Structures are given as C-alpha cells and as structure tokens.
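Step one of this worksheet: look at the structure below.
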Amino acid sequence: NRFSTECFKSCFLYPEEKILELGYPRNDLLYGADRNERAIKIKEKLGIPLDKKIVLYAPTWRDDDYYGPGQYKFELPLDLEMMKQLKNEYFFVLRTHYFIADHLNISAEDADFVSDQSRYNDIGELYLISDILITDYSSVFFDFANLRRPILFYVYDLEKYAGILRGFYFDMTTGCPGPLLKTNEEILDALRNIGAIEAEYADKYRDFCNKFCYLDDGHASERVVKTIFGL
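First residue of the sequence shown? That's 179 in our numbering, and the numbers climb one at a time after it.
Quick look at the structure:
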C-alpha cells in the first residue's frame with residue numbers, strides 16, 4: 179500500500195517504480211467465502227474448542243533480552259494464571275516470534291485453556307480462528323485488521339521500545355485501532371468488556387483500515403500474477 183511504499187523509499191532507498199501497490203497476497207485467505215468453514219476445520223485439527231472465543235496472543239521479540247548472539251530470552255508477559263479467570267469464555271492461542279518460538283513451556287494443567295502454536299506453519303490460519311488479537315509492536319495487527327475483529331495492544335514497555343530498542347514507522351500512541359494497555363489487569367478488564375471497546379474504537383478502526391487495508395480484498399494474488407505476467 180502507499181504507506182509501505184513511503185517506508186521503503188525513505189528507509190531503504192528503494193525506487194518507487196519497482197514497487198507494486200497491489201495489496202498483500204497473504205491476506206487473500208482472510209476474505210475467502212469459505213473462511214468460517216475453514217476456521218472450524220483448523221480448530222478441529224489443532225484441538226481448539228469450538229464453543230469458546232479464541233484470543234490470539236502474538237507478541238514480537240526484544241533485541242535486548244538475550245543469552246548471546248542470535249540466542250534470545252523470552253518470558254511470557256501475559257499472566258496465564260490471571261487469565262484463567264476467563265477460561266469459561268475464552269481460549270488462548272500463543273504465537274511468539276520465530277526467534278523465541280522454542281522458549282515457551284505450557285504446563286499440562288493449562289492445556290484446557292491455552293495452546294502454543296508458535297511453530298504452526300501459517301499464521302494467517304491462526305487469524306481466521308481468532309476472535310480477538312492481543313499483540314504489541316508486531317506487524318501482525320496490520321494483517322489481522324482485515325477481519326475487523328478487536329485488537330488489544332499490550333505495550334508494557336512502550337517508552338523503552340520506542341526510544342531505545344527500535345522505534346516505529348507508525349505512531350502507536352495515536353494510530354492504533356485498539357487500546358494501549360500496560361498491565362495484565364488492564365488486559366483482563368478489556369477482555370471482560372470487549373463489546374464496549376469495539377464500540378469505543380469503531381471509528382478509529384475504520385480509519386485505520388481505510389489507510390492500511392484498502393488494497394486487501396481477496397484478489398491481491400490475482401492482481402500480482404496478472405501484473406507480473408502481463409495477463
């Protein structure tokens with residue numbers, strides 16, 4: 179999209195004439211007419227309940243938390259013990275960055291309300307089965323927004339990440355289509371009142387999609403093929 183083009187131009191000096199603004203082919207499955215049926219099959223395959231709302235927690239990694247070069251540490255910021263209060267209504271799916279995908283250790287006693295799918299091969303299918311996304315600074319929310327489902331931002335280290343670790347191309351403080359939450363207590367409260375949050379952020383969510391998702395319509399792959407092969 180246009181936002182991505184400007185980032186590639188300014189940050190990587192990539193020539194605009196080599197950029198095709200045609201949408202993201204990876205998001206085509208989010209618009210499939212069979213997406214509901216497909217979601218049921220994915221849940222059945224992964225052993226995820228059909229009678230609960232699915233919360234996908236997909237955080238990014240942290241540059242400063244490591245054992246050595248290329249060896250990153252990870253402690254789950256989401257307090258699963260606290261989230262157990264919601265187990266009658268919600269089921270949690272965890273999807274960490276591939277740099278830290280081997281660092282989660284979910285106990286057998288938690289298997290009835292949480293599943294680690296960090297090694298699942300297609301995160302797009304995890305979007306399909308999820309009713310709510312919790313993330314931080316990962317780009318996953320740009321893709322998930324195509325589903326128009328609630329997004330919560332768990333940004334407990336926002337100031338550090340913005341000022342010291344990496345910074346942003348995107349203004350997290352004003353542009354996010356969901357609330358910025360700093361504590362597990364706030365996450366818990368947001369999940370309990372998700373309908374109110376949807377209503378509160380409806381206008382901002384619409385504006386976000388108009389800016390970042392306007393080229394995603396289920397036909398991006400078709401446009402790419404036709405453009406590249408001159409069809």
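All residues carry an ideal CB built from backbone N, CA and C; glycine is no exception.
Since the model is a prediction, treat every value here as computed from it, not as a measurement.
- CA-CA distance, Leu208 to Met260, rounds to 31 Å.
- Separation of Ile220 and Asn388 (C-alpha to C-alpha, rounded to the nearest whole angstrom) is 29 Å.
- Under the DSSP assignment, Lys231 falls outside any alpha helix (DSSP H), being part of the beta strand (DSSP E) whose first and last residues are 231–236.
- Secondary structure of Ser316 (DSSP, three-state): coil.
- The C-beta separation of Thr313 from Pro237 comes to about 6 Å, placing the pair in contact by the 8 Å criterion.
- A buried status is given to Phe331, since no fewer than 16 other beta-carbon atoms sit within 10 Å of its beta-carbon.
- The continuous alpha helix (DSSP H) containing Phe390 extends over residues 380–390.
- Distance from the CA of Ala286 to the CA of Lys187, rounded to the nearest whole angstrom, comes to 48 Å.
- The three-state reading of DSSP puts Tyr268 in strand, counting E and B together.
- A Cβ-Cβ contact shorter than 8 Å links Ser308 with Ile232.
- Judged by DSSP in its simplified three-state form, Ser296 adopts coil rather than helix or strand.
- Excluding residues up to 5 positions away in sequence, Tyr315 lie with their Cβ nearer than 7 Å to the Cβ of Tyr339 in the same chain.
- In the structure shown, the three-state DSSP call for Phe331 is strand.
- Going by DSSP, Lys223 is part of the alpha helix (DSSP H) stretching over 213–224.
- C-alpha of Gln295 to C-alpha of Leu191: approximately 36 Å in a straight line.
- Closest in alpha carbon position to Ser399, among Phe181, Leu198, Pro193, is Leu198.
- In terms of Cβ geometry, Leu409 and Val403 form a close pair [threshold 8 Å].
- Leu311 has Leu234, Ile329 as its beta-bridge partners, per DSSP.
- DSSP places Leu358 in the strand class (E or B) of the three-state scheme.
- In this structure Ile218 is exposed. Its beta-carbon is surrounded by fewer than 16 other beta-carbon atoms within 10 angstroms.
- If you ignore the 5 residues before and after Asp395, its C-beta comes within less than 8 Å of the C-beta of Gly201, Tyr209, all in its own chain and listed in chain order.
- Here Pro355 is buried: its Cβ has 16 or more other Cβ atoms, across all protein chains shown, within 10 Å.
- In the structure shown, Ile375 adopts helical secondary structure according to DSSP, grouped into three states.
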